[in-house]
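For reference, the structure is listed below as structure tokens.
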Amino acid sequence: MKDIQLDENGRLRHLLTTEGLGRELLTEILDTAESFLPVTDQAVKKVPLLRGQTVVNLFFEASTRTRTTFELAAKRLSADVLNMQVAASATTKGETLLDTLETLQAMQVDMFVIRHQSSGAAHFFAQHAAPGVAVLNAGDGRHAHPTQALLDAFTLRRAKGDLTRLRVAIVGDILHSRVARSQIHALKDLGVPEIRVVAPRTLLPVDVETLGVQVSHDMRAGLDGVDVIIMLRLQRERMGGELLPTGEEYFQRYGLTPASLRADSPDGVIMRPGPINRGVEIDSQVAYGERSLILRQVTHGIAVRMAVMAMILGTRNANPEVHGERS
Amino acid sequence: MKDIQLDENGRLRHLLTTEGLGRELLTEILDTAESFLPVTDQAVKKVPLLRGQTVVNLFFEASTRTRTTFELAAKRLSADVLNMQVAASATTKGETLLDTLETLQAMQVDMFVIRHQSSGAAHFFAQHAAPGVAVLNAGDGRHAHPTQALLDAFTLRRAKGDLTRLRVAIVGDILHSRVARSQIHALKDLGVPEIRVVAPRTLLPVDVETLGVQVSHDMRAGLDGVDVIIMLRLQRERMGGELLPTGEEYFQRYGLTPASLRADSPDGVIMRPGPINRGVEIDSQVAYGERSLILRQVTHGIAVRMAVMAMILGTRNANPEVHGERS
Amino acid sequence: MKDIQLDENGRLRHLLTTEGLGRELLTEILDTAESFLPVTDQAVKKVPLLRGQTVVNLFFEASTRTRTTFELAAKRLSADVLNMQVAASATTKGETLLDTLETLQAMQVDMFVIRHQSSGAAHFFAQHAAPGVAVLNAGDGRHAHPTQALLDAFTLRRAKGDLTRLRVAIVGDILHSRVARSQIHALKDLGVPEIRVVAPRTLLPVDVETLGVQVSHDMRAGLDGVDVIIMLRLQRERMGGELLPTGEEYFQRYGLTPASLRADSPDGVIMRPGPINRGVEIDSQVAYGERSLILRQVTHGIAVRMAVMAMILGTRNANPEVHGERS
């Protein structure tokens with residue numbers, strides 16, 4: 001894993017997973033994101049760092065919201081952005097995924113932001129990418145969603161300062177969550193000493209303890225004394241089926257409400273990736289309450305994505321010969 | 328109404344409706360549009376006024392043509408533009424519309440151009456928008472479509488000079504038309520002394536006279552001596568149903584043809600918002616005839632939208648602290 | 655044909671077909687493309703030639719890949735690009751195609767890149783375009799696809815140097831191929847002395863010899879001694895129907911495999927427009943083999959499209975009065 005994400009000088013070349021990045025590089029990403037935060041807060045929200053470079057949003061899974069965050073990040077770095085929504089049916093076989101890659105990189109693209117329903121799709125792209133072409137994983141199957149985990153770590157560091165004393169609870173559908181996996185890898189490497197996963201048995205991977213987390217099936221016990229609660233998104237279509245009771249029952253047991261909040265630390269914070277699912281896993285009052293960091297996560301998401309893009313592509317305009325290697 | 332559209336200095340902050348804007352501000356918009364008209368006529372059709380600002384086209388109703396006019400206007404002001412087509416089904420409740428707003432403005436967006444099938448959607452956005460975020464209504468339900476009304480007023484002023492002596496007839500589906508409402512408010516405030524609405528009873532609101540217009544159900548009488556004929560678009564799906572006779576019958580009674588044109592003033596002009604509906608409400612010969620202003624309306628639409636965007640956002644690059652208030 | 659594509663000084667005004675362009679102008683296009691090739695190979699892949707000009711990709715036929723190549727070319731010339739995907743059903747009649755043209759050019763667009771399922775659509779646009787508006791044909795029905803033919807000629811000239819000694823075989827569905835027609839016209843005008851078409855009778859136009867090509871129904875004979883093999887794309891939906899045997903039978907007779915390759919010249923090259931159709935008309939090994947120019951065609955496609963756009967629009971920023979003629 002580590003090799004393919006880094007170049008021969010140990011610098012970031014692709015971003016596929018938070019696993020194995022290591023504390024130093026993770027910290028460098030967060031520090032770089034810190035430097036981009038003021039950019040998006042000023043009137044001219046633009047720096048010329050990636051001018052004339054081409055970023056392709058290649059989305060095999062539709063997600064307007066996520067695509068938008070990468071598009072904004074790239075545009076605020078002055079890159080040219082191309083959005084391609086590809087029907088997964090058109091590229092079911094590995095070979096044709098390769099054809100897509102080969103064709104697009106023949107157009108002298110600099111970076112692919114790829115989202116795909118199959119775990120490993122981003123690695124496949126990175127393995128076959130030409131020397132000058134970078135891959136940024138925007139979510140692959142149940143595997144990884146590294147920029148989401150990075151923006152969570154960034155938000156947590158800004159809110160809490162020191163990560164090495166925090167107790168974190170991740171609540172919800174751990175089994176299907178690429179976000180949870182990426183969070184656990186990033187937070188552990190950044191020194192978070194205690195991570196708990198809180199979920200019904202049916203929504204936990206069988207070997208979840210091997211990730212170095214504690215397991216709880218009870219919301220009250222799971223949240224007891226934690227400093228951070230991360231609520232995962234729950235797919236409604238999984239409700240009332242084999243894996244789960246009905247929506248109301250689930251919300252009563254694992255929903256985040258003012259009542260369930262009483263268990264955590266009094267200055268505990270609440271985070272949540274992606275769009276809000278009112279009444280499914282989080283109460284509206286809590287979602288926009290004073291302890292919620294949800295909207296700050298969105299703002300930070302742009303800065304973190306800018307940071308990753310800039311770390312990978314940003315040295316090219318200064319050192320054009322790096323890129324010249326390609327053809 | 329007035330308060331929310333203006334800032335504490337009486338300057339345009341949002342554009343939601345033409346109602347209550349007042350003659351002075353309406354005139355300022357038209358004058359500003361006048362200054363942008365040469366921009367789109369030169370080879371480099373671009374000014375750097377909104378460089379580094381982000382405009383989001385948030386369309387809950389699909390309309391490629393309308394979206395294009397706002398996209399062009401924003402790009403010609405050098406803004407970064409994001410197009411988001413959102414399925415209305417995804418956001419049926421007011422709360423989730425709020426989630427969309429909160430999430431997008433957390434991405435440090437500067438302006439929403441919003442089109443929505445529900446009357447009041449743009450106001451809802453404006454009421455909940457953060458201090459630095461502006462809302463431009465691109466059509467909400469049957470309520471308002473202010474930029475269309477402004478470009479019509481602009482086109483009329485350019486063609487006729489003095490608006491205070493004109494007799495205007497608006498023909499067609501007044502009942503369902505957000506355009507007609509916005510036109511009536513704008514033209515009355517700009518001093519047009521006589522506005523007639525010409526339509527069958529079934530396509531008129533019951534209290535239409537309260538808008539200060541005269542009502543006619545007969546095309547010949549309605550167009551008698553008018554200087555301006557504005558033809559509204561008629562939805563084909565309403566034809567031959569409860570509200571309307573068949574298409575041919577409607578066209579015979581309310582269609583604009585060389586014959587029905589004989590009633591108006593000899594130098595009368597013809598206008599029409601949006602795409603042409605040949606043979607439904609306007610004869611092709613008339614639509615592209617020498618008295619038609621239809622294509623000029625399209626050209627002016629870009630200038631008017633640039634004017635509104637520039638008036639709302641254009642001072643930020645010069646005074647960055649205005650924007651800094653937000654977070 | 656010739657007149658409408660050229661202005662009064664014999665310079666390119668529209669690009670609709672390669673037919674009748676003549677060797678001098680074709681060569682000028684290829685030479686201009688040569689000058690753009692280094693642009694896309696450097697870190698800042700952008701020149702300010704079309705800054706402030708507006709290019710509209712108006713696609714009545716969906717084709718993400720093709721649209722992308724034009725979008726990239728225009729963006730690398732610094733133009734503003736608008737993508738419009740139009741349902742063909744919305745504009746079935748010639749009149750409404752005219753409405754689309756009239757409305758969009760009233761928005762002060764500089765160039766339409768148009769793809770349409772009807773032969774002649776691009777010519778129709780060019781005939782009715784305003785003085786300052788250019789039309790670039792991105793494929794119309796079975797008629798023409800000139801930029802594809804030009805990038806093929808460009809790729810061939812780079813690979814082989816002298817075109818006047820080459821034997822070229824075009825293999826596959828000539829009957830439905832706008833690409834084949836455009837290739838034949840371009841290559842003949844550029845001096846290619848021998849062009850063969852290789853296909854079953856059912857996939858050849860009845861009068862194909864009038865194009866100045868030799869006909870073969872046998873792959874081995876058709877490829878005998880050729881320097882260039884161009885494989886056309888075959889629509890799977892035509893397989894196993896009236897025109898064709900099943901896919902396997904077709905591939906056995908007309909597919910390009912290491913075996914069928916033995917007939918051609920030992921330094922023969924292989925080309926193929928558009929996306930790869932593995933196992934339908936070309937073996938994967940051959941497609942990415944050392945004699946394949948397929949990926950170079952993609953790269954050259956951007957440079958050729960930049961060249962055509964720059965030749966048509968590039969003098970405007972220097973001579974703004976040229977454009978001023980319009981309104």
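Residue numbers (this note's numbering), protein chains in the order written: chain A, 1 to 327; chain B, 328 to 654; chain C, 655 to 981.
Idealized CB from N, CA, C, for every residue including glycine.
Check, Outcome
"A79 (chain A): which of C:M738, C:L752, C:G793, C:A697 sits nearest, CA to CA?", "C:A697"
"Applying a beta-carbon distance threshold of less than 8 Å, which residues of chain C neighbour I629 (chain B)?", "M761, Q762"
"Output yes if chain A places a C-beta closer than 8 Å to the C-beta of A964 (chain C); else output no.", "no"
"Under 8 Å, CB to CB, which of the residues in the stretch 724-743 of chain C have a partner in chain B?", "D734, L736, M738, Q739, V740"
"Can you look up T92 (chain A) in the DSSP assignment and give me helix, strand or coil?", "Confidence is the limiting factor: at T92 (chain A) the pLDDT is only 48, short of 50, which leaves the residue's position unreliable, though a coordinate-based value still follows. T92 (chain A) falls in the coil class under three-state DSSP."
"Reducing DSSP to helix, strand and coil, say where T969 (chain C) ends up.", "coil"
"Quick one, are the C-beta atoms of K347 (chain A) and G582 (chain B) less than 8 Å apart?", "Given a span of 1 to 327 for chain A in the structure shown, any question on residue 347 (chain A) remains unanswerable."
"Enumerate in chain order the residues of its own chain whose CB-to-CB distance from R272 (chain A) is below 6 Å, with the five nearest sequence positions on each side excluded.", "M231, I294"
"Would you report the Cα separation of A456 (chain B) and R262 (chain A), rounded to the nearest angstrom?", "31 Å"
"Can you find a CB in chain C that lies within less than 8 Å of the CB of D610 (chain B)?", "no"
"Does the stretch 465-482 of chain B come close enough to the stretch 338-347 of chain B that 3 or more CB-CB pairs lie under 8 Å?", "yes"
"Can you give me the start and stop residues for the beta strand (DSSP E) that M598 (chain B) sits inside?", "596-598"
"Determine the closest residue to T537 (chain B) out of B:T529, B:V524, B:G549, B:P572, with distance taken between C-alpha atoms.", "B:V524"
"Using the three-state DSSP reduction, which class does E346 (chain B) fall into: helix, strand or coil?", "coil"
"How would you call E944 (chain C), buried or exposed, if buried means at least 16 neighbouring beta carbons within 10 angstroms?", "exposed"
"Per the contact definition of three or more C-beta pairs closer than 8 Å, is the stretch 634-645 of chain B in contact with the stretch 444-464 of chain B?", "yes"
"Would you mind giving the Cβ-Cβ distance between D881 (chain C) and S919 (chain C), rounded to the nearest angstrom? I have them listed as a contact below 8 Å.", "5 Å"
"Nearest CA to the CA of H777 (chain C): which residue from C:A813, C:T708, C:G795, C:L817?", "C:G795"
"Here's the rule I'm using: 16 or more other beta-carbon atoms within 10 Å means buried, otherwise exposed. How should G499 (chain B) be labelled?", "buried"
"Report the residue ranges of all beta strand (DSSP E) runs contained in full by the stretch 126-209 of chain A; include only those spanning at least 3 residues, in chain order.", "134-140, 167-171, 194-198"
"So with CB distances below 9 Å, who are the chain C contacts of L622 (chain B)?", "E756, T757, Q759, A760"
"Which bits of chain A does V952 (chain C) rub up against, with CB to CB less than 7 Å?", "T103, A106, M107"
"Under 8 Å between beta-carbons, which chain B residues line up against T355 (chain A)? List them in chain order, please.", "Since the first residue shown for chain A is 1 and the last is 327, residue 355 (chain A) is missing from the structure and cannot be characterised."
"Within 10 Å of its beta-carbon, does G459 (chain B) have 16 or more other beta-carbons around it, so buried, or fewer, so exposed?", "buried"
"If you measure between the beta carbons of G774 (chain C) and A823 (chain C), is that distance less than 8 Å?", "no"
"How would you write the range of the beta strand (DSSP E) that D734 (chain C) sits in, first residue to last?", "734-739"
"Could one say the Cβ of G139 (chain A) lies closer than 8 Å to chain F's Cβ atoms, at least one of them?", "Protein chains in the displayed structure are A, B and C, and chain F is not among them."
"In whole angstroms, what is the alpha-carbon distance linking S717 (chain C) and Q127 (chain A)?", "27 Å"
"Which residues mark the beginning and the end of the beta strand (DSSP E) in which S870 (chain C) is found?", "868-870"
"What are the residues of the stretch 678-692 of chain C that lie near chain A, defined by any Cβ-Cβ distance shorter than 9 Å?", "none"
"Starting from the C-beta of P520 (chain B), find all residues in its chain whose C-beta is less than 8 Å away, skip the five residues before and the five after it, and write them out in chain order.", "T491, R492, L493, R494"
"For R811 (chain C), which residues from the same chain have a beta carbon less than 7 Å from its beta carbon, with the 5 sequence-adjacent residues on both sides left out?", "L684, L817"
"Give the secondary structure of F387 (chain B) by DSSP, where H, G and I count as helix, E and B as strand, and everything else as coil.", "coil"
"Within its chain, find whatever has a CB closer than 8 Å to the CB of K93 (chain A); leave out the 5 residues flanking it on each side and keep chain order.", "No answer about K93 (chain A) holds up, because its pLDDT of 48 lies below 50 and its placement is not dependable."
"Please state whether DSSP places V228 (chain A) in a helix, a strand or coil.", "strand"
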